[in-house]
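Student: One structure coming up, written as structure tokens, with questions to follow.
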Amino acid sequence: MAIRSNSKLHELSGSKLTFIEDTLAQHHGLIVDYAHMQTAIISQKTNLKTRRTTCIAELKAMREKMVKICAHIMSKGQN
Numbered sequence: 000m001a002i003r004s005n006s007k008l009h010e011l012s013g014s015k016l017t018f019i020e021d022t023l024a025q026h027h028g029l030i031v032d033y034a035h036m037q038t039a040i041i042s043q044k045t046n047l048k049t050r051r052t053t054c055i056a057e058l059k060a061m062r063e064k065m066v067k068i069c070a071h072i073m074s075k076g077q078n
């Protein structure tokens, strides 16, 4: 009887260990996926910051051009 009890105990331990290993593997997969997504998001954030800087510079240049055009039109109207 004691042998059967030990055998069942080992079997249960094996099942639990398998479950724990499977759970850890799933968690590891989730962590790896999270790291990949985090890297992609950081890259997108960097690209957005770069685009923002470029767009701001372009807007400033357009505003300066508009001011020059308006000044030119106003000077033509005064002549």
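For the sequence shown, the tail end lands on 78 under numbering that gives the first Met the number 0, and the numbers increase by one without skipping.
Glycine included, each C-beta is placed from N, C-alpha and C at the ideal position.
To the nearest angstrom, report how far apart THR49 and GLU57 are at their CA atoms.
Tutor: Mapped onto the sequence shown, residue 49 falls at position 50. Mapped onto the sequence shown, residue 57 falls at position 58. If I take the Cα positions, the gap works out to 12 Å.
Student: Give me the Cα-Cα distance between THR45 and ILE55, rounded to the nearest whole angstrom.
Tutor: Sequence index remark: in the sequence shown, residue 45 carries index 46 (1-based). Sequence index remark: in the sequence shown, residue 55 carries index 56 (1-based). For THR45 and ILE55, the distance between alpha carbons rounds to 15 Å.
Student: Please report the straight-line C-alpha distance between ILE72 and LYS64, rounded to a whole angstrom.
Tutor: Position 73 of the sequence shown, counted from the first residue, corresponds to residue 72. Position 65 of the sequence shown, counted from the first residue, corresponds to residue 64. So the alpha carbons of these two residues sit roughly 12 Å apart.
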